[in-house]
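Residue numbers (my numbering), protein chains in the order written: chain A, 1309 to 1516; chain B, 1309 to 1516; chain C, 1309 to 1516; chain D, 1309 to 1516.
Ideal Cβ placement from N, Cα and C applies to all residues, glycine included.
Inspection log for the structure reproduced underneath, given as structure tokens.
Number of protein chains: 4
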Amino acid sequence: MSTRLKTGRLEAFSDGVFAIAITILVLELSVPAVRGDELLDAFLSQWPSYLAYLVTFATIGVAWLMHSAITNYLHGVDTTFVRLNLLLLLLVSFLPFPTALVAEHIDDYEAERVAAVILGINLLLVAVVVSTMWRYAVDHRLVRPDARDEEVQVLTRRLTPSLAGYVAVIVIGYFFPLVAVFGYLAIALLLMVPLGLARDDDLEVPAT
Amino acid sequence: MSTRLKTGRLEAFSDGVFAIAITILVLELSVPAVRGDELLDAFLSQWPSYLAYLVTFATIGVAWLMHSAITNYLHGVDTTFVRLNLLLLLLVSFLPFPTALVAEHIDDYEAERVAAVILGINLLLVAVVVSTMWRYAVDHRLVRPDARDEEVQVLTRRLTPSLAGYVAVIVIGYFFPLVAVFGYLAIALLLMVPLGLARDDDLEVPAT
Amino acid sequence: MSTRLKTGRLEAFSDGVFAIAITILVLELSVPAVRGDELLDAFLSQWPSYLAYLVTFATIGVAWLMHSAITNYLHGVDTTFVRLNLLLLLLVSFLPFPTALVAEHIDDYEAERVAAVILGINLLLVAVVVSTMWRYAVDHRLVRPDARDEEVQVLTRRLTPSLAGYVAVIVIGYFFPLVAVFGYLAIALLLMVPLGLARDDDLEVPAT
Amino acid sequence: MSTRLKTGRLEAFSDGVFAIAITILVLELSVPAVRGDELLDAFLSQWPSYLAYLVTFATIGVAWLMHSAITNYLHGVDTTFVRLNLLLLLLVSFLPFPTALVAEHIDDYEAERVAAVILGINLLLVAVVVSTMWRYAVDHRLVRPDARDEEVQVLTRRLTPSLAGYVAVIVIGYFFPLVAVFGYLAIALLLMVPLGLARDDDLEVPAT
């Protein structure tokens, strides 16, 4: 059929969007306009900006890791999967905007509540779509036949608790926005850890 | 001849431009400067910006899908095709500008008419060049010999109605600009649907 | 030796820089702040911005074509070539800045003279480095042994006249800056044409 | 195990981030708003911006060269290496921010001291993580078995002195910030030189 896509291009295009979204975050950081040795104070007092930067960087990093893990298991993609992938990229490339919302209002409790919830919803949607992509791939036999059942189940389990985690932290964010921002960071870092269970000798020869 | 290009690099360069154009759109969204719980209202009242963002994201996404479908059928490219490809990338990378025009004037009927028509013309030109690239490829036997005639005809048919659709919506845009913006979104989403006709078992083994 | 690089990564990194430089140009275009139907006038009166955009887009496009043509001929790269490549990328990624200089001062004769010469020098340096890379590759036997002598000579000849062209146009730019900007565009478009001499049946089977 | 990553995607994603970080630097350069032939003076008086631009460009360029040299030696990556790689990308993509700090305060001695030290710490951290990645790869047998011991030792030695160099220059930066900025540039250029020891006939056949 004419509409099939090479998996390679889907990966290349997605890698591009992930890489750009994770890199242009820095453009949202504003250079303090103060003069003299006040610059150090001004630089340090912007820490909420760096925190928001770190949260989004870590989340996009995790999304990329998950995306790589998923496509690594596939022996092909169908057209629905490609559209789910575009939806994921839409949500990922939007992330710098709520990140900027959080960074600019962190000293304003009422506004920060709004910003933290908006960021949380964006993060949750990323997690929902990643999870949906994996379930879709499993249900529609896009997964390589040689993948062991237990491996598939491990990845399925991994993707579910993070949804519950985001919902919990979004509710917290409505009352304690700054706690929620640290919570988003914690979720992203926790999601990085379990992916690290592979043993050191568990290498993969580069396919180049 | 010295001027031949690897198809791989044409795809890599194009994927890069598509990925960047689709991701830097977010930089055009402005963070509301209000304080307190007015942020939610300010965030929501910017919906035309998000709509324009979505229109351009969907259109670039469709252009990328079409581009992938086309190059997937080719067994090689010649130098004219490479230049048509550069023209397409010029039009795609320009899209964030009329998108910003639409987003910033959506509460100003007279200006919005102008912006909606300019965006529509940009979208139309993208569709014209994609269509031209495919027709050129068919006419100059760049299409793989093993591609079935009906597949080629399906892709040719798909690309033609969207031209008529854009012209119709641009005319509408002159009188009802907001309707036109939704119309552009509808065209992009419709163009995504027919590409989804492939069956679930219609997989492609990744070539890597 | 430990310092060898895969040609594939040099191409991927270079494609990335070319793609980004060519795409972020659009961020330098400013959205007119006028209201009502004056938007059309404001949009059109910005034509020098679009001209500068087009000049730089075409020049980066040509540089990418030349770069692709050159690396297509190589059977490997050495470490000096990699550094020349970094120098080229430095010059290419700088181009949006003199482009913005030209765009913002086009209604100011004295300033435009300065801007047009600065842009011209940047364009000239790009052409000098591309030419140097090719000569270096020829002199150090990086060119594939199966490349025919006449092909090598064609590419060498192609790269030389553009240097003279840029010098001539830069001098013109000192007196007639707007003429020079059109001249830069003409050079870029002319450089695209000769690369199009290949016959239609002169295809390359995609290596994927 | 489900968490293994193709080396190819790690390289593609990393190349994307390096390419974007090195290219968006130009967006931090501000176009002088002066009119008439004062533009030349205004353009030239911004030289500290160009110097900062050059420092960061050269440093990201070196980091990319080092990264390429390292991954070129690996026959695979494990999950810890992938996370170290994300940490490196975090530091690299942050670099445009301290670069802008330096560029905007270079005529303000007190502020410049702060900015130069912040930039130096960022550069040092990049060097530390690159060095750590290589040591980790050596210690965990990620290096290709056919790599000769002396090659491995050369790369190990190369990465260590730069750490000491950065520490020395950061201390200088606290007293003589402008000297430090030139020092950072010198380190980056010096790090480029030794990688150039390979002989001209030391080619690599492109793997494509």
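- Among the bridge pairs identified by DSSP, V1451 of chain D is matched with D:L1382.
- Interface residue (Cβ-Cβ distance to chain B less than 8 Å): H1413 of chain A is classified as such.
- Of the candidates D:V1436, D:R1443, D:E1346, the residue whose Cα lies closest to the Cα of A1472 of chain D is D:V1436.
- Going by C-alpha positions, F1484 of chain B is about 51 Å away from N1393 of chain C.
- Considering only B:L1359, B:M1374, B:A1424, B:L1499, the residue with the shortest C-alpha distance to T1440 of chain B is B:M1374.
- Among the CB atoms of chain C, none fall inside 8 Å of the CB of A1455 of chain B.
- Residues are counted here when their Cβ sits less than 9 Å from a Cβ of chain A; for the stretch 1378-1401 of chain D these are T1379, L1382, H1383, G1384, V1385, D1386, T1387, T1388, V1390, R1391, L1394, L1397, L1398, V1400, S1401, given in chain order.
- For the 8 Å CB-CB criterion, I1368 of chain A and A1329 of chain A form a contact.
- At least one CB of chain C lies nearer than 8 Å to the CB of R1317 of chain B.
- By the criterion of a C-beta distance shorter than 8 Å, L1347 of chain B is surrounded in its chain by P1340, once the five residues flanking it on both sides are discounted.
- Residue state for Q1354 of chain A is assigned as coil, using DSSP reduced to three classes.
- Residues of the stretch 1354-1370 of chain C that bring their beta carbon within less than 7 Å of a beta carbon in chain D are absent altogether.
- Annotated as proximal: L1450 of chain B and F1389 of chain B, with beta-carbon spacing under 8 Å.
- Residues of chain D whose Cβ lies closer than 8 Å to the Cβ of A1419 of chain C are, in chain order, V1342, R1343, G1344, D1345, E1346, L1347.
- Not a single C-beta of chain C is nearer than 8 Å to the C-beta of F1484 of chain B.
- Counting the other Cβ atoms within 10 Å of the Cβ of S1338 of chain D gives fewer than 16, which makes it exposed.
- Under the Cβ criterion of 8 Å, W1372 of chain A is counted among the residues facing chain D.
- Assigned with DSSP and collapsed to three states, H1413 of chain C falls in coil, not helix or strand.
- For R1343 of chain D, there is no enclosing alpha helix (DSSP H), as DSSP marks it with neither H nor E.
- Against chain D, the CB of V1325 of chain C has a partner CB under 8 Å away; the residue lies at that interface.
- No Cβ-Cβ contact shorter than 8 Å links L1335 of chain B with I1378 of chain A.
- Under the DSSP assignment, R1465 of chain D falls in the alpha helix (DSSP H) whose first and last residues are 1457-1483.
- Membership of L1318 of chain B in the alpha helix (DSSP H) is indicated by the continuous run 1315-1332.
- At a cut-off of 8 Å between beta carbons, A1408 of chain B contacts chain C.
- The beta carbons of P1406 of chain D and L1432 of chain D sit no closer together than 8 Å.
- In the DSSP annotation of this structure, the continuous segment of the alpha helix (DSSP H) that includes L1399 of chain C starts and ends at 1387-1402.
- Listed in chain order, the non-local C-beta contacts of G1481 of chain C below 6 Å within the same chain comprise A1424, V1425, G1428, A1488, local neighbours out to five positions each way being set aside.
- Under the 8 Å Cβ criterion, the stretch 1408-1416 of chain B does not count as touching the stretch 1347-1361 of chain A, having fewer than three qualifying pairs.
- Between the C-alpha atoms of F1326 of chain C and A1476 of chain A there is a straight-line separation of about 43 Å.
- A1320 of chain C and D1415 of chain A have their C-alpha atoms some 42 Å from each other.
- Residues of chain A with a Cβ closer than 7 Å to the Cβ of L1433 of chain D do not exist; the shortest Cβ-Cβ separation is about 14 Å.
- The alpha-carbon separation between I1478 of chain C and L1486 of chain C amounts to approximately 11 Å.
- The C-alpha of A1371 of chain D is placed about 31 Å away from the C-alpha of V1438 of chain A.
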